[in-house]
Amino acid sequence: MATLTARTLITAIGTVAYPVIEVDSAGLITDISSDASVRSEAILTPTFLDVHIHGAAGRDVMDASPQGLGEVQRFLARRGTGHYLPTTVTASVDDTLSALEGLAEAIAAPTAEDEATPIGIHLEGPFLSHAKRGVHRAELLQQPSVALFERFQQAARGHIRLLTIAPEAPGALELIAHAAAQGVRVSLGHSNATEAEAKAGIRAGAVSATHTFNAMRAMDHREPGIVGAVLDDKNLYAELICDGIHVAPATVRLWLRLKSERAILVTDGIPATGMADGAYTLAGVPITVADGRASVTGAPETLAGSVLTLDAAVANVQAFTGCGLETAVRCASSQPAAMLGLGDSIASLRVGQAANFNQYAANGRLERTYLRGVRLG
17 MATLTARTLI TAIGTVAYPV IEVDSAGLIT DISSDASVRS EAILTPTFLD
67 VHIHGAAGRD VMDASPQGLG EVQRFLARRG TGHYLPTTVT ASVDDTLSAL
117 EGLAEAIAAP TAEDEATPIG IHLEGPFLSH AKRGVHRAEL LQQPSVALFE
167 RFQQAARGHI RLLTIAPEAP GALELIAHAA AQGVRVSLGH SNATEAEAKA
217 GIRAGAVSAT HTFNAMRAMD HREPGIVGAV LDDKNLYAEL ICDGIHVAPA
267 TVRLWLRLKS ERAILVTDGI PATGMADGAY TLAGVPITVA DGRASVTGAP
317 ETLAGSVLTL DAAVANVQAF TGCGLETAVR CASSQPAAML GLGDSIASLR
367 VGQAANFNQY AANGRLERTY LRGVRLG
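Rendered as structure tokens:
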């Protein structure tokens, strides 16, 4: 039995002053109480959940080797991320099937105590718009197909939890409804959809939007498009890459004001995350990273994911919007968990959940991380 104390505990629904948290030998929270005699200035929060990340530490999750994923997971854990969805990039059908099989193996295997845990797969592509494909290779995009999705889900052993899709593509609404009926969360993205087409995707079962503003039809005052539909729907979750490169600070403020408890911070991180500037690849596409900006080699106007980490995103959203740590942390923890339907099992810091905490200093600096009650480092 271990005991953790702090000045403040931030949970999914509120804060606890002077918390005393009991953790059993299995690393689960057994009790949360309050004791005003506690003398600590620390702030405890849930660890982060990244629902959109392609790699880090020089490794691409599409490679799916146990060693490579372990390096990614250790990197994430050292920066406060306790859980994540390894995210695919459009590749050939055979390469995608192989990657999904490898990721399914990793999800089924035990996770080391100093690593973030993969809890499912985010399938980003191949069901995307040619007009808004970004880094995804045009020749490998596929028309939405229930049959092809089922091949992917079978290879993934049912572990696809999140699907990004362009709702305007022929067959998309059928696939959205099919995936949603299976419990897969569907996110609208890489899309040139009109407002009406985006709303049809939402009615079909989509619950979120992938990296809002990026790889989306621009908003117009007469045709709000997909961006307008996303911002206007109070029930739809919306990812955002808060690195100061993908989305301007004023737009971040608009996003947080409109999405509030449906706002989700993601990294869209690539293998170059945590590495020096230079040349990299993402699913076989050459990428150049310079001054924190990742773009397709030879096409600097095309962003190729980011080298952001969620601890930096949490700091950035506070700096850009003036929100407090409590709001920022929920955008990176309990809100993505709620989008996935996992709020009762991770990131809300309830009795019975794993004792996964980030500890912040009184000045808002991330100091350390605990996974299952064990301090990392």
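Using my numbering, you'd call the opening residue of the sequence shown number 17 and step up by one each time.
Note that CB positions come from ideal geometry on N, CA and C, so glycine has one too.
| said: Taking the straight line between their C-alpha atoms, what separation do you get for Leu274 and Glu117? | reply: 38 Å
| Secondary structure at Leu25, three-state DSSP: helix, strand or coil? | strand
| Unbroken beta strand (DSSP E) run spanning Gln375, endpoints | 373-376
| Enclosing beta strand (DSSP E) for Phe143 [first to last residue] | Careful: Phe143 lies outside any beta strand (DSSP E) and carries neither H nor E.
| request: In the DSSP assignment, find the unbroken alpha helix (DSSP H) run with His194 in it and report its ends. | output: 188-197
| query | When the Cα atoms are used, what is the spatial distance from Pro35 to Ala28? | reply | 15 Å
| Within 10 angstroms of its Cβ, does Arg238 collect 16 or more other Cβ (buried), or is it exposed? | exposed
| Proximity of Thr106 and Pro142 at Cβ, strictly below 8 Å | yes
| field | Inter-residue Cα distance where the pair is Pro62 and Leu101 | value | 17 Å
| field | Ala216 - containing alpha helix (DSSP H), residue span | value | 211-220
| request: Classify Asp110 as helix, strand or coil using the three-state DSSP reduction. | output: helix
| Span of the alpha helix (DSSP H), counted from its first residue to its last, around Phe165 | 162-171
| Between the beta-carbon of Leu156 and the beta-carbon of Ala182, is there less than 8 Å? | no
| With respect to the alpha helix (DSSP H) encompassing Thr14, which residues constitute its N-terminal and C-terminal limits? | Here the chain has residues from 17 to 393 only, and residue 14 is not among them.
| Hey, which unbroken runs of the beta strand (DSSP E) at 3 residues or more fall wholly within the stretch 259-332? | 279-282, 294-298, 301-306, 309-312, 315-319
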